[in-house]
DNA sequence: TATCTAAGTTCATATATTGAACTCAGGCTT
DNA sequence: AAGCCTGAGTTCAATATATGAACTTAGATA
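Chains as they are written, first to last, in my numbering: chain A, 1 to 165; chain B, 1 to 165.
(1) By the criterion of Cβ-Cβ separation under 9 Å, what are the contact partners of residue 34 (chain A) in chain B?
(2) Are the beta-carbon atoms of residue 45 (chain B) and residue 59 (chain B) separated by less than 8 Å?
(3) If residue 120 (chain B) sits next to residue 150 (chain A), beta carbons under 8 Å apart, how far is it from one beta carbon to the other, in whole angstroms?
(4) Which same chain residues, not among the five before or five after residue 7 (chain A), have their C-beta less than 7 Å away from its C-beta?
(5) How should residue 17 (chain A) be labelled, buried or exposed, when 16 other C-beta atoms within 10 angstroms of its C-beta is the threshold for buried?
(6) For residue 1 (chain B), which residues from the same chain have a beta carbon less than 6 Å from its beta carbon, with the 5 sequence-adjacent residues on both sides left out?
(7) Tell me the DSSP secondary structure of residue 108 (chain B) in three-state form.
(8) Name the DSSP beta bridge partners of residue 51 (chain B), please?
(9) Buried or exposed, going by whether 16 or more other CB atoms sit within 10 Å of the CB of residue 68 (chain B)?
(10) Using a C-beta to C-beta distance shorter than 7 Å, which residues of chain A count as neighbours of residue 27 (chain B)?
(11) When the Cα atoms are used, what is the spatial distance from residue 37 (chain A) to residue 95 (chain B)?
(12) Measure the C-alpha to C-alpha separation of residue 108 (chain A) and residue 93 (chain B) and round it to an integer number of angstroms.
(13) What do you get for residue 139 (chain B), buried or exposed, if any count of 16 or more other CB atoms within 10 angstroms of its CB means buried?
(14) Could you tell me whether the Cβ of residue 156 (chain A) comes closer than 8 Å to any Cβ of chain B?
(15) Report the CB separation of residue 4 (chain A) from residue 41 (chain B) in whole angstroms; it is logged as a contact under 8 Å.
(16) How many angstroms separate the CA atom of residue 81 (chain B) from the CA atom of residue 52 (chain B)?
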């Protein structure tokens with residue numbers, strides 16, 4: 001990955017930045033950990049609670065926020081002989097977070113885990129070979145990470161795309 | 001992306017999870033926004049401050065944390081006629097966050113921005129064509145997001161890889 | 001009727017954030 | 001030389017949020 005040119009102002013105004021906006025509901029440790037667990041198959045209040053050792057009231061407010069953001073849904077499940085209970089499932093929007101979370105896991109295993117063998121490896125179901133997150137072009141061909149630059153929509157570029165020095 | 005099988009416990013214990021560990025220093029809104037700005041070329045204290053409208057003491061503690069985590073370095077720059085001033089640069093570890101952040105941006109533009117034309121588009125320098133984040137195998141060939149499963153290192157799998165129902 | 005369980009809520013205490021004002025060091029102006 | 005300017009922080013009182021323990025609730029079972 002290549003170092004960016006120096007700027008006084010970021011080229012994308014915070015108000016136009018959907019990435020920054022997503023941090024409103026995903027930008028805290030507990031929400032990120034809850035989504036991590038959900039992506040791994042956890043669904044129930046008490047399972048999130050004991051897995052993460054999160055205070056119950058915090059879990060409650062975070063789940064509400066994630067539901068409100070459209071990342072999770074709260075629905076009832078029913079097993080015979082038990083009363084219906086709520087479970088928290090990822091929506092399609094939430095499932096789509098798998099890719100960024102895999103990218104982040106890949107980063108963490110390289111840089112936090114120092115490339116030691118990871119506890120879990122993501123593989124392709126059809127042939128059991130490991131899978132990676134990478135940059136590709138529209139034909140699916142790999143793109144070198146130092147071969148990137150950016151263009152800006154004209155409505156968004158108010159002197160902001162200028163670099164300095 | 002495919003829904004995961006139901007589990008009471010996540011298959012990776014939190015203590016072995018480098019992803020979860022990374023949230024210790026990246027799991028808050030301000031740190032994420034600071035890294036976003038740094039990836040876009042911002043380097044100076046006051047530029048981070050005015051770009052994000054972050055309280056100065058919070059910015060100070062967050063930058064210290066990111067430096068301590070190895071994501072940024074604080075070094076001096078010198079321009080003629082001014083005294084040396086500090087600037088905050090991404091380390092190699094920090095630059096490597098570009099991929100997860102691009103994945104997250106791609107997600108946010110799809111799901112938060114509802115696929116409206118984004119203010120910024122990442123393109124390949126050599127041919128100006130847009131670039132995407134995607135799953136690939138070790139030969140760089142695309143992998144379908146619903147074609148994934150996982151294996152677990154035997155030292156990590158203490159009944160945790162079992163699914164339920 | 002009493003007990004158990006999963007899913008919450010309540011509340012006092014502890015911790016963190018906010019925003020404004022202040023400091024500090026070195027360069028520039030008069 | 002004295003005073004002002006600028007960028008990079010620090011300090012501190014007020015406010016907001018998190019923590020952890022205890023409590024509540026609704027159905028199922030004994």
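Note that the Cβ used here is the ideal one computed from N, Cα and C, for glycine as well.
Quick look at the numbers:
(1) Residues of chain B passing the Cβ test: none, with the nearest at roughly 11 Å.
(2) Using a Cβ distance threshold of 8 Å, residue 45 (chain B) and residue 59 (chain B) count as a contacting pair.
(3) 5 Å
(4) Excluding positions up to five away in sequence, the list reads 163, 164.
(5) buried
(6) Sequence-distant Cβ neighbours of residue 1 (chain B) in its own chain, meaning closer than 6 Å and more than five residues away, are 145.
(7) Looking at residue 108 (chain B) - three-state DSSP - the assignment turns out to be helix.
(8) Answer is none; residue 51 (chain B) lacks a bridge partner.
(9) exposed
(10) 28, 29, 32
(11) 27 Å
(12) 10 Å
(13) Result: exposed.
(14) Yes, because at least one Cβ of chain B sits closer than 8 Å to the Cβ of residue 156 (chain A).
(15) 4 Å
(16) 29 Å
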